[in-house]
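>
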Amino acid sequence: MSQQGYVAAPPYSQSQPGIGGFGSPNSSLHYGHYGDPNSSYSAPQPGVSKSTVPFGSSAPVGPPPPGAHQFSQTNFQNGPGTPGQQPHRFQGPPPPSNTGASYPPYSPQSQPAFPNAAPASSTAQLADQLNSMQINNYGPGPTPSPGHPASFQSPRLPPPPTQQQMVLPPGPQVPPPPPTGSVNGLCAQPALPPMARQGGIPGPVPPNPNLQQLPGQPPGPGYHPQQANYGPQMAGSQLSYPGAFPGGPAQLSGPQQKKLDPNSIPSPIQVIESDKAARGGQVYATNTRGQVPPLVTTDCIIQDQGHASPRYIRCTTYCFPLTSDMAKQTRIPLAAVIQPFANVPPNETPLYLVNHGETGPIRCNRCKAYMCPFMQFIEGGRRYQCGFCNCINDVPSFFFQHLDHMGRRIDHYERPELSLGSYEYVATLDYCRDKKPPNPPAYIFMIDVSYRNIKSGLVKLICDELKTLLDKLPREEQEESSAIRVGFVTYNKVLHFFNVKSSLAQPQMMVVTDVSEVFVPLLDGFLVDFEESRSVITNLLDQIPELFADTNESETIFAPVIQAGMEALKAAERAGKLFIFHSSLPTAEAPGKLKNRDDKKLLNTDKEKMLFQPQGNCYEALARDCVANGCCVNLFLFPNQYVDVASVGLVTMYTGGTLYKYNNFQLDGDSPQFLSDLRRDMEKKMGFDATMRVRTSTGFRATEFLGAIYMNNTTDVEMAAVDCDKAVTVEFKHDDKLNEDTGALIQCALLYTTVSGQRRIRIHNIGLNCSAQLADVYRTCETDALINFFAKSAFKAILSQPLKTVRDILVNQTAHMLACYKKNCASPATVSQLILPDTMKVLPVYMNCLLKSCVLVGRAEIPTDERAFHRQLVMAMGVADTQLFFYPRLLPIHSLDLKSDAVPAAVRCSEERLSEGGAFLLANGLSMFLWLGASVSPELIQGLFNVPSFAHISTDATSLPDLDNPFSKKLKHILEQLQSQKPHTMKLIIVKQREQPEMLFRQFLVEDKSIYGGASYVDFLICIHKEISQLLS
């Protein structure tokens, strides 16, 4: 960051081909640059159906490996790939047909928590949920073959039971499909249902009416596996899918059983709840390298003891493979999701500030890493060895301290930079632009005063709100008032600047009509201190709605508005933020003029990617200038038709701003949501004019940066501003072998300007383990962080590749990661068993949610702007936000416990969890629904809506009435809790069962088949299993 910064030699600094692992359009399509043609899997030849293990053979006896989940699906053969597909290494199976599945009614089950402290022995006890299962045998397990990782040769005490197994016979025969989907099975297998191509996303398989209960099996749900007393818990569970052939194993006889129960496949809710039960409310100390933190959904108290809190950094795995060959084999992306300004709850310590005066931060001479707990002091404390590059450095005399008998400095615990994972340094002038201390930032409010915004009352609403909001400008805790300057601009086809100098009696307006070459007509009096100019500003805000009351100007400009704001900040030598309130496609003659290009004919063609790219290069150039001048752009959009979010939102995305969108804005219904967003945005903790650099220890390096960021070179992440909600996802690659003893160390340094104009460097350090055992890499994976990485990689890739290619890569990648686990880490199993690592057991359901997201599914019913909006939001999200966005929370509120403060436990996002007599709240961070069953109790209706019956409930309301009863208060409290942690205010939509808006609500029931053609969770699992079997056969 300083002038003498470390510049990597060419081999390190060249960026990799391809984006986020999705190669360039003409490269062979391998995910995460891991596509090595010499990889251990061979591609099946088109048209050749690989044979699998004969069906007479029984499953091997003995426990599966630590934390494995086993499902058994009996022999889905794959036909040849569809002709004309992209040249993938692995032909995907044709997806099953898209008839809807029906399931048994929901019966709530007690889900016991299993120990989730992630020891090797923690098993995924799916068996609790199996409707049907059989404990075959208690014989001793097989001895691991030499090829198996040593970590699995743990002493076997009393032998655990073998896998629970559930085998299901086939459904009724269906006429065979056309040749492309043909199935050449062994043993005269019945034909599978017809296959239908759905752009790479499989549809559901018809449910199977002939499932049978296994003998010796207690009926009904909630059956606990007999594992408790068998020493180390090692056994997983195994179940198989419809599709077994008749005349299979003898266990198939028995009474009739219901269809395949979705309870028997891994449940995200069970994983979340069991982690809460095991680790919720506890203190999590970051004192150990490579430890896996509690899930992002678990509330706990984090104590920094040498590694950064998981609030700031989460990793896809906390144990990196030793070599790049191992990394290529697993295909697990090695990445960190860094949220440098994450909010910290009041019961955790805020960051300490270290000030070394004019000498500035202590840094390694070679690699420029900052002093941190990974530095090793030697020679009695006179020198230190850098943990990142191993260079020996002299300790500056002012920093010298003696070492104790352990070789640790005596002042270790008194210095944050020696004992903590995260802290801040005060920066010297070397870290400032032009070696001058920065001015405090400025906020410029820019209001579109075209006809529609005046008539809708929006302009008056904004002006009235600003009068009270300007008192809440962010300030340092010790300061009485904010140092931030404010300025005001209105615009339609021309720009109006306002002079609000405190000495004026009335504000003055200056009009800039030449919008092709924007200049700032005044400096003195444009950016002012609010306290000093309060009366003039209040006067102005009263006048603006009247000033333009009679306007009939409906055309607007847009790019010149950003240009004007940026030029004003540049002239004042300040970083800052523009708040732009805009409502229509900018069609007036000016730079950045846009045309309506919303063409549904491009959907599902190779040109669909153009819908996500900006029109022309005006906005990209503008974004570059804004970042260079520390100008962050926040955009509040109020469209009632297409506004080309991909173009107008581009500058917002590159400058670290936030995009808010209120479709068909209505003053009475939508004002609370908009005003809440505006208030929260104004008060956010943030840094301005920021540059981030990620340093690593030897053997690996950061190669790819994903987020709402701009990169001028391959190492520096530039952000005009960064706030508490923004996260950057960084991918790492090996450039040498790692070392198990020293581990993999990462340091993120963020240089920024505070709201008061102080230059600081925020440091986050984390140490990860390294291992030669693949099992260790899988055991420390974090699915929530993996999904964040995959979503951002895919959403970046769609700018340059067809959507179908991107979806295929995601499916292929998922299958590869799980196939590698089954092949290298699981005990020998038949081809028909699906085995999932404990840490990845809900990866398939989350991956399916990503594949079904509106960004990756092109349908004429989904507005292009909505897809571009979602894409932009996800690119900036941290792990907690992507987790909720892709797998929403569904809370049964008819069973609220009014005596406790707790939020009720969520249920799985599936229609079968809903009940006619129930009421459910669904939230995903952007939308919130209150779904009411047709026969919900009148007491609940009266308590929430103050009306007598279901028929009287109005679905037009966007909030609940304030009622003085415990039920209403409790629900309001839950709504506030859900809302408090999320960047966007969720507008409440009330949905009544069997009424039209229910269609919108159902898109969020992500375990079910989507109305837009995405697979159900059950079917996606079958599809992934087929892919895995094909890779391993």
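According to this note's numbering, the stretch in the sequence shown is residues 8 to 1040, in order. Where is the CB? At the ideal position from N, CA and C, for every residue including glycine.
(1) DSSP on Ser944, reduced to helix/strand/coil?
(2) In chain order, what are the residue ranges of uninterrupted alpha helix (DSSP H) at least 4 long that sit wholly in the region 395-466?
(3) Between Ser839, Pro809 and Lys848, which has its C-alpha nearest Asp791's C-alpha?
(4) In chain order, what residues of the same chain lie with their CB nearer than 6 Å to the CB of Pro112, ignoring the 5 residues before and after it?
(5) Might you give, ordered along the chain, the residues of its own chain that have their beta carbon closer than 7 Å to the beta carbon of Thr435, omitting 5 neighbours on each side?
(6) What residues match up with Phe952 in a beta bridge as DSSP calls it?
(7) Less than 8 Å between the C-beta atoms of Pro347 and Phe796, yes or no?
(8) Considering Cα atoms alone, identify which of Glu580, Cys916 and His901 is closest to Glu923.
(9) Along the chain, which unbroken stretches of the alpha helix (DSSP H) at least 4 residues long are found entirely within the region 463-500?
(10) Could you give the first and the last residue of the continuous alpha helix (DSSP H) run that contains Glu789?
(11) For Tyr669 and Val998, what's the separation of their Cα atoms in angstroms?
(12) Nearest to Pro899 by CA position, among Cys916, Glu386, Ala926 and Gln765, is which residue?
(13) Ser1114 and Gly313 look like a contact to me (Cβ under 8 Å); what is the Cβ gap, rounded to whole Å?
(14) Suppose only complete runs of 3+ residues qualify. What are the beta strand (DSSP E) ranges in the region 642-705, listed by chain order?
(15) Would you kindly work out how many angstroms separate the C-alpha atoms of Ala727 and Val344, rounded to a whole number?
(16) Assuming Glu431 contacts Val361 (C-beta within less than 8 Å), just tell me the rounded distance between them.
(17) Residues bridged to Tyr894 by DSSP?
(18) Put Gly637 into one of helix, strand or coil per three-state DSSP.
(19) According to DSSP, Gln310 sits in a beta bridge with which residue or residues?
(20) Report yes if the CB atom of Lys829 is closer than 8 Å to the CB atom of Met882, and no otherwise.
(21) At what residues does the alpha helix (DSSP H) containing Asn855 begin and finish?
(22) On the CB-based measure, 16 or more other CB atoms within 10 Å of its CB, does Thr520 come out buried or exposed?
(23) Judging by CA-CA distance, which residue of Ala822, Leu666, Val852 and Glu524 is the nearest neighbour of Gln277?
(24) Apart from the five residues just before and just after Glu747, which ones in its own chain have a Cβ nearer than 8 Å to its Cβ?
(25) Hey, how far is the Cα of Phe327 from the Cα of Leu905?
(26) Can you find the residues in the same chain that come closer than 7 Å, C-beta to C-beta, to Glu424, ignoring five residues on each side of it along the sequence?
(27) Suppose you measure from the CA of Thr698 to the CA of Thr721; what does that come to, to the nearest Å?
(28) Pop quiz: Leu609 and Asp651 are said to be a contact at Cβ under 8 Å. What is the actual Cβ separation, rounded to whole angstroms?
(29) What span of residues does the alpha helix (DSSP H) with Arg874 cover, start to end?
(30) Does the distance from the C-beta atom of Arg416 to that of Gly388 stay below 8 Å?
(31) Decide if Cys827 is buried, meaning its Cβ has at least 16 other Cβ atoms within 10 Å, or exposed.
(32) Buried or exposed: which applies to Arg390, given that a residue is buried once 16 or more other Cβ atoms fall within 10 Å of its Cβ?
(33) By the three-class DSSP mapping on this structure, what secondary structure does Lys608 have?
(34) Restricting to Cα atoms, I'd like to know which of Arg766, Ala734 and Gly706 is closest to Pro448.
(35) Buried or exposed: Phe405, going by 16 or more other Cβ atoms within 10 Å of its Cβ?
(36) Run through DSSP, which three-state label would Lys999 get?
Judging by the given coordinates:
(1) Collapsing the DSSP output to three states places Ser944 in coil.
(2) Every alpha helix (DSSP H) of 4 residues or more that sits fully in the region 395-466 is shown, in chain order, as 423-426 and 458-462.
(3) Lys848
(4) Residue placement at Pro112 is flagged as unreliable, the pLDDT there being 38, under the threshold of 50; the coordinate-derived value follows with that caveat. Close CB contacts of Pro112 within its chain, under the 6 Å cut and outside five residues either way in sequence, are absent.
(5) Glu365 and Gly367
(6) Beta-bridge pairing links Phe952 to no other residue.
(7) no
(8) His901
(9) 465-476
(10) Note, Glu789: premise wrong, no alpha helix (DSSP H); not H, not E.
(11) 19 Å
(12) Out of Cys916, Glu386, Ala926 and Gln765, the CA that lies nearest to the CA of Pro899 is found in Ala926.
(13) Beyond the ends of the chain as shown, which are 8 and 1040, falls residue 1114; an answer cannot be given.
(14) 666-668 and 693-703
(15) 19 Å
(16) Right, the Cβ-Cβ distance comes to about 7 Å (below 8 Å), so this counts as a contact.
(17) DSSP, once it has assigned bridges, lists no residue as partnering Tyr894.
(18) coil
(19) Ala292
(20) no
(21) Leu850 to Lys859
(22) exposed
(23) Val852
(24) Leu329, Asn776, Cys777, Ser778 and Ala779
(25) 46 Å
(26) Val361, Met378, Cys379 and Tyr430
(27) Between the C-alpha atoms of Thr698 and Thr721 there is a straight-line separation of about 13 Å.
(28) Actually they do not touch by this definition, with Cβ atoms about 14 Å apart.
(29) Thr871 to Met882
(30) Cβ atoms of Arg416 and Gly388: closer than 8 Å.
(31) Result: buried.
(32) Exposed.
(33) helix
(34) Arg766
(35) exposed
(36) strand
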